[in-house]
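Colleague:
Residue numbers (this note's numbering): 2 to 313.
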């Protein structure tokens, strides 16, 4: 029971930590570290909840999976010994039913979390496949934007399609709206998304938002990570272009009513444009190196905690 209580503390603490991180101001000073902490919070909350339920279904004071595996020799035997201990027949029927219910609930939750992640991945892949098929018919190259595709659409739009056959897409409206320097900054932003696979960073949070559409915590986490991903791409674009060019492009997109990105894509004009423009024009100092290292260490310990409690 002690392990179950500790795992429950980790799960509840991760939820409260996520709520605090949504309101925090420091993530904008170090988006990469904040994203890592978000990933650790999500992983810890899921694994700790599953682990707490499974531990509630096992006798208190029993050895963990790691010790049982050393004793039994095979993962299958270890799982059977862990979930269905030998003396389960000696406990009252109500207690045995409670334990089995907890184990079933934990395994069901784990399977559900895996399923929503797979489903979200499949939906994104399918949406990108459809978009590529449309682009093969409607898009064309343009010397003004080497390496990108242009669609004959009057409204401003600029986005990227991640994947093995990644593409950057801009509309004719974008070419008419932006100056060459601003367009170059936008392309640098989109290349950063593709190069660092920010779509994979956002995918688990998209899956959680779809799985729990009424959860304010999941919705807040998705919004926060989506904004941090855009800020991270902004920072990468600043390595090649001045901040004022990208900020000016964002303002033009915002005032022109740019189109939203299609499903499975990442667009430059998403994620609280006003906050990003302020951050570009009034930059704040990044977090000191030791602070970033501490955040990364905390994220690693947080992600490892539920696994350690369940196995040992």
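Note that the Cβ used here is the ideal one computed from N, Cα and C, for glycine as well.
Considering only residues of the same chain and omitting the five flanking positions on each side of residue 15, which have a CB-CB separation below 6 Å?
Modeller: The residues are 42, 45 and 46.
Colleague: Under 8 Å, with one C-beta from each stretch per pair, do the region 227 to 244 and the region 269 to 285 reach the 3-pair mark?
Modeller: Yes, they touch.
Colleague: Evaluate contact between the region 252 to 271 and the region 288 to 295, counting only Cβ atoms and requiring at least three cross-stretch pairs below 8 Å.
Modeller: With a cut-off of 8 Å, the region 288 to 295 and the region 252 to 271 do not count as touching, because too few Cβ pairs lie within range.
Colleague: Ordered along the chain, which non-local residues of its own chain (more than five positions away) have a Cβ less than 6 Å from that of residue 206?
Modeller: The answer, listed in chain order, is 222, 223 and 226.
Colleague: Is there contact here, the region 236 to 254 with the region 184 to 191, by at least three beta-carbon pairs under 8 Å?
Modeller: Touching, per the Cβ criterion.
Colleague: From residue 126 to residue 210, what does the alpha carbon distance come to, in whole angstroms?
Modeller: So the two alpha carbons sit approximately 18 Å from each other.
Colleague: How far does the beta strand (DSSP E) with residue 161 in it reach, from first residue to last?
Modeller: Unbroken beta strand (DSSP E) run through residue 161: 159 to 162.
Colleague: Leaving out five residues on either side along the sequence, give the residues of the same chain with a beta carbon under 8 Å from the beta carbon of residue 32.
Modeller: Taken in chain order, the residues that qualify are 229, 230, 232, 233 and 236.
Colleague: Determine the burial state of residue 177: buried for a count of at least 16 other Cβ atoms within 10 Å of its Cβ, exposed for fewer.
Modeller: Burial call: exposed.
Colleague: Compute the Euclidean distance between the alpha carbons of residue 163 and residue 245, then round it to the nearest angstrom.
Modeller: Their backbone Cα atoms lie some 26 Å apart in a straight line.
Colleague: If residue 286 and residue 30 are in contact, beta carbons under 8 Å, what's the gap, nearest whole angstrom?
Modeller: The Cβ separation is near 7 Å, so the contact holds.
Colleague: Residues in its own chain within less than 6 Å of residue 153 by CB, not counting five upstream and five downstream?
Modeller: Once the five neighbours on either side are set aside, the close Cβ partners of residue 153 are 173.
Colleague: Cα separation between residue 149 and residue 169?
Modeller: Roughly 5 Å separates the two Cα atoms.
Colleague: Closer than 6 Å by C-beta to residue 128: which residues in its own chain qualify, once you throw out the five before and the five after it? Chain order, please.
Modeller: So the qualifying residues of the chain are 264 and 265.
Colleague: Keeping to the same chain, check which residues put their C-beta closer than 7 Å to that of residue 5; ignore five residues upstream and five downstream.
Modeller: 53, 56 and 57, listed in sequence order.
Colleague: Beta carbon of residue 117, beta carbon of residue 3: below 7 Å?
Modeller: No, Cβ-Cβ distance for residue 117 and residue 3 is not below 7 Å.
Colleague: What span of residues does the alpha helix (DSSP H) with residue 113 cover, start to end?
Modeller: It spans 94 to 139 - the alpha helix (DSSP H) in which residue 113 sits, taken as one unbroken run.
Colleague: Nearest CA to the CA of residue 241: which residue from 184, 151, 103 and 156?
Modeller: Closest option to residue 241, Cα to Cα, is 184.
Colleague: Excluding the 5 residues preceding and the 5 following residue 121 in the sequence, name in chain order all residues of the same chain whose CB lies nearer than 7 Å to its CB.
Modeller: Hits under 7 Å: 204, 207, 208 and 211.
Colleague: In whole angstroms, give me the CA-to-CA distance for residue 10 and residue 196.
Modeller: Those two C-alpha atoms are separated by around 37 Å.
Colleague: How close, in whole Å, do the beta carbons of residue 186 and residue 175 come, if the pair is a contact with beta carbons under 8 Å?
Modeller: Not a contact, Cβ separation roughly 12 Å.
Colleague: For residue 182, I'd like the list of residues in its chain whose CB is within less than 6 Å of its CB, leaving aside the five on either flank, ordered along the chain.
Modeller: So the list reads 246, once near-sequence residues are dropped.
Colleague: Please report the straight-line C-alpha distance between residue 35 and residue 146, rounded to a whole angstrom.
Modeller: Roughly 33 Å separates the two Cα atoms.
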